[in-house]
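With our numbering, the residue at position 230 of the sequence shown is 231, and numbering never jumps.
Reviewing the structure listed below.
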Amino acid sequence: MAELVFFSGTMDCGKSTLALQLDHNHRARGRRGLVFTKLDRAGAAVLSSRLGLSHEAIEVEDSLDFWEVVVEQATGGRVIDYLICDEAQFYTPVQVEQLARLVDEMNIDVFTFGITADFRAQLFPGSRRLIELADRTQVPQVEALCWCGKRATHNARVVDGDMVVEGEQVVVGDTAQGSPAVVEYEVLCRRHYMRRMTSHAARSQSASAQVLPFDLDLCPLPGSQPRQVGMMDT
Ligand SMILES: [Zn+2]
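Dropping the structure here:
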């Protein structure tokens, strides 16, 4: 029985590496699959992992219809057994529904990989629909780590060195469009996410406090402080 599986987690937890490994394992057993990705760091139509592996992939535009792609392949005599779908957080909810239909009506295994929540700690629309529809949601066994050594559960966006919690949901790459700001991402544990304590902020605090601010008293919640606003908000 085919399944819709969602491997979800933070950035840096090895999702793309796992996606490539799963593709390899199924291919090695003679199964035929298609590999999809969207907005991969390596550019269009490539699924890449931080470990240096990569594989050609079909770029998922908003207009792409998974059902039609697979039916077209079948019409051309190519049977598809499984799909590998990376960066699935960026897929539209309708595309996730197409994936579920392929599982149910064409008995195709669909393995999706994605970041659960954005830098504001809110679910991506694609991830939300996957959590709602998937047969299984799995967390990859490799854990991403916060600078403090705890398991990282949140993705922080850092603009010109400062963590921001507002702005557009999707800003990929190092430079925001139309802005010279440098946009980076860092994974954090929830404690340090809530306290906006990135590794950079921790280092600057430790310079004055003499110790790394593992002690939460040294990392006050930013409640009454003015919010740091991203440069993309204007
Ligand atoms: Zn931490």
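We put the beta carbon where it would ideally sit given N, CA and C, even for glycine.
Computed from a prediction, not measured in an experiment: that's the story for all the values here.
Alpha helix (DSSP H) segment containing residue i, residue limits
i	result
serine 128	126–134
arginine 192	191–195
threonine 18	16–29
heavy atom of ligand 1 below 7 Å from residue i C-beta
i	result
arginine 56	According to the sequence displayed, residue 56 carries histidine and not arginine. No, the Cβ of histidine 56 stays beyond 7 Å of every heavy atom of ligand 1.
arginine 192	yes
leucine 189	yes
cysteine 147	yes
lysine 151	yes
Sequence-distant residues of the same chain with beta carbon closer than 7 Å to residue i, five excluded per side
i	result
glycine 34	Asp24, His27, Arg28, Ile81, Asp82, Tyr83, Leu84 and Ile85
methionine 2	none
arginine 102	Trp68
glutamate 88	Thr38, Lys39, Leu40, Asp41 and Gly115
valine 140	Ser9 and Gly10
serine 55	Ala43, Val47, Leu48 and Ser49
glycine 162	His201
Contacting residues, own chain, Cβ-Cβ under 6 Å from residue i (five flanking each side not counted)
i	result
leucine 146	Ala153
threonine 176	With a pLDDT of 49 at threonine 176, under the threshold of 50, the predicted position of this residue should be treated as unreliable, and no value is reported.
alanine 1	No statement about residue 1 is possible, as the shown extent of the chain runs from 2 to 235 and does not include it.
glutamine 74	Ile81
threonine 117	Ser9 and Ser128
Endpoints, beta strand (DSSP E) assigned at residue i
i	result
arginine 137	137–139
threonine 11	No beta strand (DSSP E) contains threonine 11, which DSSP labels as neither H nor E.
valine 183	First-last for valine 183: undefined, no H or E at that position.
isoleucine 116	110–116
phenylalanine 37	34–38
Cβ-based neighbour list, residue i, same chain, cut-off 8 Å, excluding 5 preceding and 5 following
i	result
glutamine 136	Rather than glutamine, the amino acid found at residue 136 in this sequence is aspartate. Excluding positions up to five away in sequence, the list reads Glu4, Leu5, Val6 and Val104.
glutamate 144	Cys14, Arg152 and Ala153
threonine 199	Trp148, Ala157, Val159, Met164, Glu187, Leu189 and His193
proline 94	Pro126, Gly127, Arg129 and Arg130
Quiz item: Hey, which unbroken runs of the beta strand (DSSP E) at 3 residues or more fall wholly within the stretch 41–97?
Solution: 47–49, 55–57 and 83–86, all fully within the stretch 41–97.
Self-check item: Residue ranges of each beta strand (DSSP E) within the stretch 138–165, 3 or longer
Solution: Qualifying beta strand (DSSP E) stretches, in chain order: 155–160 and 163–165.
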